[in-house]
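The structure appears below as structure tokens.
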Amino acid sequence: MKILHIIRNPNDTTPIEIAKAQDREHDVAILLMQDAVYADPGLKAYACAADAEARGVRKHECVGYDRIVEMLFEYDKVVSW
């Protein structure tokens, strides 16, 4: 099963811990938005291009809003934190 976690708060470690646990049995990806683009989750992570650019962050693969919408339909489950 493909699971996408959308994370906005870099200080909340619970979503990343859950995603890592799920990654053992599922195809998990993380989409970082807003200040979460500063985080380094240790899993396959994408960053909202507008948020990363606004904060000068370049450590994740950046995706635009069109791609984010596509991702919402590509994954079997989407969890927003």
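When we follow this note's numbering, the leftmost residue of the sequence shown carries the number 33, and every step to the right adds one. By construction, the Cβ of each residue, glycine as well, lies at the ideal position given by its N, Cα and C atoms.
Residue environment, Tyr107, which counts as buried when at least 16 other CB atoms sit within 10 Å: Tyr107 is classed as buried because its beta carbon has at least 16 other beta carbons within 10 Å across all chains shown.
Please classify Tyr97 as buried or exposed, where buried requires at least 16 other C-beta atoms within 10 Å of its C-beta. Under this definition Tyr97 is an exposed residue.
Ignore the nearest five residues each way along the sequence and tell me which others in Met33's own chain have a CB closer than 6 Å to its CB. Around Met33, the same chain offers His58, Asp108 as residues with beta carbons nearer than 6 Å, after the five sequence neighbours per side are excluded.
Please classify Leu63 as buried or exposed, where buried requires at least 16 other C-beta atoms within 10 Å of its C-beta. Counting Cβ neighbours within 10 Å, Leu63 comes out buried, since at least 16 surround it.
So what does DSSP say about Val89, is it helix, strand or coil? Of the three classes helix, strand and coil, the one that applies to Val89 here is coil, per DSSP.
Residues in its own chain within less than 8 Å of Arg87 by CB, not counting five upstream and five downstream? Once the five neighbours on either side are set aside, the close Cβ partners of Arg87 are Asp67, Val69, Tyr70.
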